[in-house]
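Student: This is the structure I want to talk about, given as structure tokens.
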Amino acid sequence: MTEGYDYDVLVIGAGPGGYACAIRAAQLGLKTACVDARDTLGGTCLNVGCIPSKALLHATHLFEAARGGHMACFGIRTGDVHIDLEKLMEKKNETVSSFAKGIDFLFRKNGVTRLEGQASFVASDIIEVGGKNVRAKSAVIATGSSPSSLPGIQIENGRGMIVDSTGALSLTRIPNHLLVVGGGVIGLELGSVWRRLGARVTVIEYTDQILPGMDCDVRSVMAKLLAKQGMNIVVSSSVTGVEINGQKVSVAVKDPSGIKTIEVDTVLVATGRRSNTAGLGLEHVCIDIDDRGSVTVDTQGRTSASNIYAIGDVTRGMMLAHRAEDEGIAVAERLAGRPGIVNHALIPNVVYTDPEVAAVGKTELELLNHGIPFKKSHFPMLANSRAKANAATDGFVKLLAHAETGVVLGAHMVGEVAGTMVAQITQAMEFGATAQDVAYTCHAHPTHSEAIKEAALALDGAAIHY
Ligand code: FAD
């Protein structure tokens, strides 16, 4: 370690970006500490994000399947099925806490020092942690993001009436009517959880379709599928006011015909997230912040202060755990004098609804806007043997490839296990595969992944099963 410093690297934030960065830096021989203001490690992702939401999505999927949905079509009769909400939340919390202990163990195993408390820069190599100054040669800001609300809407997670995603992961009763503000990933996932548990769910989306930013076909198909499941999706509308009236919440919704008031039990505000930079003392180290409040970094993750890096949700880009993790590992590698690589063009994006949505690379609209010549294919899951055997045939695989070279440029899919399927095409794209490379790779039968092979064959009009 360099003399005069307590640590070679101090990582601020122990989310998927920060803890992965700290572990990799320690593995590479750097004296490393990781500080977090939370009592538990794992950041948003583990405590109030990816993991608890997926635990609830999985459990409620089973509940719905058992309650006369999917299982009944195979002749599985379950009788009366009930949900024990307290037990469900207990199991979710248990999953979170055992995972958090696992990160603690990994810190000890790899020699990462865990510090607790709020961290704030005093100078570029001095960081105050819980009242004490720590000297670090390099620092990595991995402070993540927090839910953002709308002007005039006060989140009160405790009462369970006007909540953000954190509150929606821990409601103590099933609302009769849940109104979700925002038809993005978090709103649709958490809306699905509570709909499966019996709530009437209305989603208010500002743009003219749900899932802004995703491919056009995915957006329209998912709107139909979620509506078929009973979700009331209202587009081109905005929430202009929310007020608690006794046991109900009055929500003013503006659409092209005027303003209506809807009475609901709970409002979930899922309109986006903002980077956590407040209280970090960035003004003491002259770090640039962009117009959306995120830390500005170069392609190497370096901020405007040469020994300070930033990764994950605190920087501009897709707010996803795997982006944060890959950036954390890459920065650790760079700090140890190695090349650290993240291909930001190929970050897969998954929505864990039923069916799942998964995407990687360019959308059709992006290719059109960039004037890139392309060909496209569409293979329905209805023609995939495994989906058929599972009686879960909703969805499709859409591939986009360069019109002349055949290089795969984008993949967009809806299907039971689309989130798992997307890994294969991401890897193929990472290696610069053409549609032919994918089509002539042997795929096990019967698997959902065969739909990707068929979609690749379909680009040249050669699909076998459709
Ligand atoms: P975070 O995980 O936000 O961690 C930052 C940590 O820094 C926090 O623990 C915070 O306490 C700490 N911190 C902040 N400021 C300070 C300070 N000054 N001093 C000390 N500590 C500080 N992403 C996916 O990829 N897949 C999913 O399925 C998924 N589902 C999600 C579901 C929900 C409901 C939500 C809310 C998010 C979901 N995300 C998902 C997004 C994912 O959680 C984030 O992209 C990811 O956690 C970002 O990681 P990070 O390391 O940048 O920061």
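For the sequence shown, the working numbering assigns the number 8 to the initial residue and increments by one for each residue that follows. Ideal placement from N, C-alpha and C gives every residue a C-beta, glycine not left out. Fair warning: this is a prediction, and the values are worked out from it, not measured in the lab.
Keeping to the same chain, check which residues put their C-beta closer than 7 Å to that of Cys80; ignore five residues upstream and five downstream.
Tutor: Answer for Cys80: Ala398, listed in chain order.
Student: Where Asn183 and His77 are concerned, what is the direct C-alpha to C-alpha distance, given to the nearest angstrom?
Tutor: One C-alpha to the other measures close to 23 Å.
Student: For a test of your reading of the model: does the CB of Asn283 fall under 7 Å from any non-hydrogen atom of the ligand FAD? Yes or no.
Tutor: Yes; taking the cut-off as 7 Å, the Cβ of Asn283 has a heavy atom of the ligand FAD nearer than that.
Student: According to DSSP, what are the bridge partners of Asp401?
Tutor: According to DSSP, Asp401 bridges with nothing at all.
Student: Along the chain, where does the beta strand (DSSP E) that runs through Lys38 open and close?
Tutor: Per DSSP, Lys38 belongs to no beta strand (DSSP E) and is neither H nor E.
Student: Starting from Met420, trace the beta strand (DSSP E) in both directions and tell me its first and last residue.
Tutor: It spans 415-422 - the beta strand (DSSP E) in which Met420 sits, taken as one unbroken run.
Student: Rounding to the nearest angstrom, what Cα-Cα distance links Gly22 and Leu48 in this structure?
Tutor: In a straight line, the C-alpha of Gly22 is about 7 Å away from that of Leu48.
Student: For the ligand FAD, I want to know if Val55 counts as a neighbour, meaning its beta carbon is within less than 7 Å of at least one of the ligand's heavy atoms.
Tutor: Val55: yes, Cβ under 7 Å from the ligand FAD.
Student: Could you check whether the Cβ of Gly300 sits closer than 7 Å to any heavy atom belonging to the ligand FAD?
Tutor: No, the Cβ of Gly300 stays beyond 7 Å of every heavy atom of the ligand FAD.
Student: Tell me which same chain residues have a C-beta within less than 7 Å of the C-beta of Val450, skipping the five on either side of it?
Tutor: Val is not the amino acid found at residue 450; the sequence shown has His there. Contacts found: Ser456, Glu457, Lys460.
Student: Please determine, among Cys52, Thr120, Val88, the residue with the shortest C-alpha to C-alpha distance to Ala107.
Tutor: Taking only the C-alpha atoms, the option nearest Ala107 is Cys52.
Student: Short check: CB of Arg280 to CB of Ser301, under 8 Å?
Tutor: Not a contact, by the Cβ cut-off of 8 Å.
Student: Near Lys98, what residues of its chain come up, given a Cβ to Cβ distance below 8 Å and the 5 sequence neighbours on each side ignored?
Tutor: Result list for Lys98: Ala62, Ala66, in chain order.
Student: Given a threshold of 16 other Cβ atoms within 10 Å of its Cβ, counted over all protein chains shown, does Tyr447 qualify as buried or as exposed?
Tutor: With fewer than 16 other Cβ atoms within 10 Å, it is exposed.
Student: Closer than 7 Å: is that where the CB of Gly402 sits relative to any heavy atom of the ligand FAD?
Tutor: The answer is no for Gly402.
Student: Mark Glu163 as exposed unless 16 or more other C-beta atoms lie within 10 angstroms of its C-beta, in which case mark it buried.
Tutor: Glu163 is exposed by the Cβ-count criterion.
Student: Pop quiz: Pro355 and Ala365 are said to be a contact at Cβ under 8 Å. What is the actual Cβ separation, rounded to whole angstroms?
Tutor: Their Cβ separation, rounded to whole angstroms, is 6 Å, which keeps Pro355 and Ala365 in contact under 8 Å.
Student: Note down, in chain order, each residue of its chain lying with its Cβ closer than 8 Å to the Cβ of His68, except the 5 sequence neighbours on either side.
Tutor: Hits under 8 Å: Arg203, Asp361.
Student: Pull the bridge partners of Val147 from the DSSP assignment, please.
Tutor: Its beta-bridge partners are Val18, Tyr316.
Student: Are three or more beta carbon pairs between the segment 267-283 and the segment 195-215 nearer than 8 Å?
Tutor: Because the criterion of three Cβ pairs below 8 Å is met, the segment 267-283 and the segment 195-215 touch.
Student: If the criterion is Cβ atoms closer than 8 Å, does the pair Ala146 and Leu17 meet it?
Tutor: Contact: yes.
Student: According to DSSP, is Gly98 helix, strand or coil?
Tutor: Here residue 98 is Lys; the residue named in the question, Gly, does not match the sequence. Residue state, collapsed to three classes: helix.
Student: Strictly by DSSP, which residues pair up with Pro154?
Tutor: Pro154 pairs with Arg280.
Student: Please go through the segment 165-253 and give each complete alpha helix (DSSP H) segment of 4 or more residues, from N-terminal end onward.
Tutor: List check, alpha helix (DSSP H) in window: 172-175, 192-203, 223-235.
Student: List, from N- to C-terminal side, the beta strand (DSSP E) runs of 3 residues or more that fit wholly inside the segment 336-399.
Tutor: The qualifying runs are 356-358, 363-368, 381-387.
Student: Which word fits Thr433, buried or exposed, when buried means at least 16 other C-beta atoms lie within 10 angstroms of its C-beta?
Tutor: The residue in question, Thr433, is buried, as its Cβ has 16 or more Cβ neighbours within 10 Å.
Student: Can you say whether Arg330 is buried or exposed, counting buried as having 16 or more other CB atoms within 10 angstroms of its CB?
Tutor: Buried: at least 16 other Cβ atoms inside 10 Å.
Student: Expressed to the nearest angstrom, what Euclidean distance is found between the alpha-carbon atoms of Ala408 and His419?
Tutor: Straight-line Cα distance between these residues: approximately 12 Å.
Student: Provide the residue span of the beta strand (DSSP E) that contains Leu3, from first to last.
Tutor: Nothing about residue 3 can be reported from this structure: the residues present for the chain run from 8 to 473 only.
Student: Between the beta-carbon of Cys28 and the beta-carbon of Gly335, is there less than 8 Å?
Tutor: A contact, by the Cβ cut-off of 8 Å.
Student: To the nearest angstrom, report how far apart Gly24 and Ala339 are at their CA atoms.
Tutor: Approximately 11 Å between the Cα atoms of the pair.
Student: Should the segment 210-220 be regarded as contacting the segment 238-249, the criterion being three or more beta carbon pairs within less than 8 Å?
Tutor: Enough Cβ pairs lie closer than 8 Å, so yes.
Student: Closer than 7 Å: is that where the CB of Tyr14 sits relative to any heavy atom of the ligand FAD?
Tutor: Flag unset: Cβ of Tyr14 not near the ligand FAD.
Student: Would the C-beta of Pro346 count as close to the ligand FAD, meaning under 7 Å from any of its heavy atoms?
Tutor: No.
Student: What separation, rounded to the nearest whole angstrom, lies between the Cα atoms of Leu3 and Gly344?
Tutor: Residue 3 is absent from the structure shown; the chain starts at 8 and stops at 473.
Student: Can you pull the DSSP bridge partners for Phe128?
Tutor: According to DSSP, Phe128 bridges with Ile134.
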